[in-house]
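As structure tokens, the structure follows; a few thoughts come after it.
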Amino acid sequence: MNNKENQHSVSLVLISALTAVAFLLINLKYCILYVIPVLGIGWFMINYWNLLIRVWQTLPRDAILIKNYIIYFIKIRRWNLLGYNTYAKIFQRIVLKQPNKIAFKHEDSSWRYIEVEERSNQIANYFKQQGFKRGDVIALFMESSPEYVCLWFGLSKIGVISALINNNLQAETLVHSIKVSNCTAIIIGKEQINALMNIVNTTVDDKLKVLFASSNVYISNYTNDTTLTNTQLNNATNLNEKLKEVSKNAPVKEISEGKSSDQMLYIYTSGTTGMPKAAIMTQSRAIYMAMGAKQIAGIYEHDIIYTPLPLYHTAGGILGVSSVLLGGATCVIRSKFSASKYWTDCLKYECTVPIKHGVLTSKSGKSAKYL
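Residues in the sequence shown are numbered from 1 upward in steps of one, following the UniProt record's numbering.
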């Protein structure tokens, strides 16, 4: 007798037993009312026996997921009621609690929570002084680093939207990504100077020509200004120099005016079926996405997250980084993904939650955490 026949036999026995109990416990006059449901249950068990087995086997896992979702829902609801509806407001609470804890690690440097807060405040205050206001767009074209996070986070404090452009783009695709963002300024890393110079020298778009010729091209982590002399980027601003004298105090008014519906980021599609398209990421959408993944995957403040994926995409830039900005954990950022250095880095930094292609796992010897 095969397994299916065994299952049918067991089901028939159960049906018979349930029917007998119904006859014994219920007056014969009303028994028919109970026999029909019993037969229905038996029919379901015969036809969906394997499903019931799988449900039973996965019940512990599903119970944990349901519990975590309930906790997530309560936490989000509580934050909204208390007015913690933006990244800046939530992060301020975390900084007050653990100012000297390591927030980010990158290569051989470490950033404490208070340093991330102060750097992002400087960025917010500087661009506010330059006349940027809520709803303006600034393109961000840089390698992954803690400074990258501080830039878009600081801009979000004054309501400025950051367009996160793939730092590997060249030529026409780069021009397109800058144009569709409708940005009025662009921040680039020193590694992207050549890519930008190439399109500066070839573009025929009048709007881009004006942008590139103005002082609204900002270069981060740049130490040698002479290479841009007598070029179309001659007026570019050395951002690091400008930030040195800027206040580290939070822009209280702008932060208090922030709403969950505020647009925070433009995150581009990969462009596999055409040119990259910019998707709008609001404060609330990013918070719900990041906190949902954090809670369901079981990521806590003591965890160390490894983020080798580019920060201009959702997996690295939202799910990974938000474990710090919203969750109080520590995040290790790698500028460029390296398969050969992946597990070496995880062991070096003692990571408990490495991220790879949107999957959260744990280091060897500990239970896995999947997203």
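For every residue, glycine included, the Cβ atom is placed at its ideal position computed from N, Cα and C. Keep in mind that this is a model prediction, so the values were computed, not measured.
Length of the line joining the Cα atoms of residue i and residue j
i: M142; j: L151; result: 10 Å
i: I70; j: W111; result: 33 Å
i: M281; j: I296; result: 21 Å
i: A290; j: A250; result: 24 Å
i: L184; j: D108; result: Looking at the sequence itself, residue 184 is Thr, so the reference to Leu does not match. Taking the straight line from one Cα to the other gives about 34 Å.
i: residue 400; j: S340; result: Any question about residue 400 goes unanswered here, given that the chain covers just 1 to 371.
i: T203; j: I186; result: 16 Å
i: F337; j: E301; result: 25 Å
i: N125; j: F91; result: 17 Å
i: L140; j: A63; result: 42 Å
i: K207; j: G131; result: 19 Å
i: T352; j: Y72; result: 21 Å
i: K277; j: Q192; result: 21 Å
i: Y84; j: P37; result: 50 Å
i: I94; j: K75; result: 14 Å
i: I188; j: E350; result: 31 Å
i: L347; j: A315; result: 21 Å
i: S284; j: T269; result: 20 Å
i: G292; j: I66; result: 12 Å
i: L309; j: Y342; result: 11 Å
Pick from the options that is closest to residue i, judged by C-alpha positions
i: E245; options: L325, R119, Y312 and V332; result: R119
i: E241; options: Q122, L309 and I299; result: Q122
i: L325; options: A63, P146 and R54; result: P146
i: Y288; options: T86, S270, L81 and G154; result: T86
i: A286; options: F153, P60, L65 and T58; result: F153
i: D205; options: S220, N234, V175 and S215; result: V175
i: E115; options: T173, Y126, S284 and Q98; result: Q98
i: C331; options: T344, T307, L311 and Y312; result: T307
i: F104; options: T58, V353 and I304; result: I304
i: N221; options: L208, L82, T58 and T237; result: T237
i: T273; options: S284, T173 and K75; result: T173
i: V321; options: N100, Y148 and P37; result: Y148
i: S144; options: A171, I219 and H106; result: H106
i: S247; options: L81, E117 and W43; result: E117
i: M275; options: I165, S323 and Q57; result: I165
i: Q263; options: Y218, V252 and A279; result: A279
Nearest-angstrom Cβ-Cβ length linking residue i and residue j, presumed shorter than 8 Å
i: I138; j: S162; result: 6 Å
i: V299; j: A329; result: Per the sequence presented here, residue 299 reads as Ile, with Val not at that position. Indeed they touch by this definition, with Cβ atoms about 6 Å apart.
i: Y266; j: S335; result: Not a contact, Cβ separation roughly 21 Å.
i: N235; j: A213; result: 6 Å
i: G159; j: K133; result: 7 Å
i: I255; j: A88; result: 5 Å
i: K128; j: Y113; result: Incorrect: roughly 22 Å between the Cβ atoms, too far for contact.
i: Y312; j: N198; result: Wrong, their Cβ atoms sit about 19 Å apart, outside the cutoff.
i: L233; j: V210; result: Actually they do not touch by this definition, with Cβ atoms about 13 Å apart.
Contact test: residue i Cβ vs the ligand ATP heavy atom, cutoff 6 Å
i: S261; result: Because no ligand of any kind appears in the structure shown, any question about the ligand ATP cannot be addressed here.
*Examine the Cβ distances between the stretch 254–262 and the stretch 44–55 and report whether three or more of them are shorter than 8 Å.*
No, the stretch 254–262 is not in contact with the stretch 44–55.
Could you name each continuous beta strand (DSSP E) segment of 3 residues or more that falls completely within the stretch 72–117, going from the start of the chain to the end?
-> With a minimum length of 3 residues, the continuous beta strand (DSSP E) runs that stay inside the stretch 72–117 are 102–106 and 109–112.
Could you name each continuous beta strand (DSSP E) segment of 3 residues or more that falls completely within the stretch 244–274, going from the start of the chain to the end? Taking only runs of at least 3 residues, the beta strand (DSSP E) segments lying wholly in the stretch 244–274 are 263–268.
Next on the checklist: Restricting to runs no shorter than 3 residues, where is the beta strand (DSSP E) found entirely within the stretch 286–315?
Outcome noted: Runs found: 304–307.
Taking only runs of the alpha helix (DSSP H) that begin and end inside the stretch 169–244, which ones reach a length of at least 4 residues, in chain order? Segments of the alpha helix (DSSP H) lying fully in the stretch 169–244: 171–180, 193–202, 206–213 and 239–243.
4 or more residues per run - each alpha helix (DSSP H) lying fully within the stretch 40–66
Here no run is fully enclosed.
- Task: Go through the stretch 316–343 residue by residue and report every complete run of the alpha helix (DSSP H) that reaches 4 residues or more, in order.
- Result: Taking only runs of at least 4 residues, the alpha helix (DSSP H) segments lying wholly in the stretch 316–343 are 322–325.
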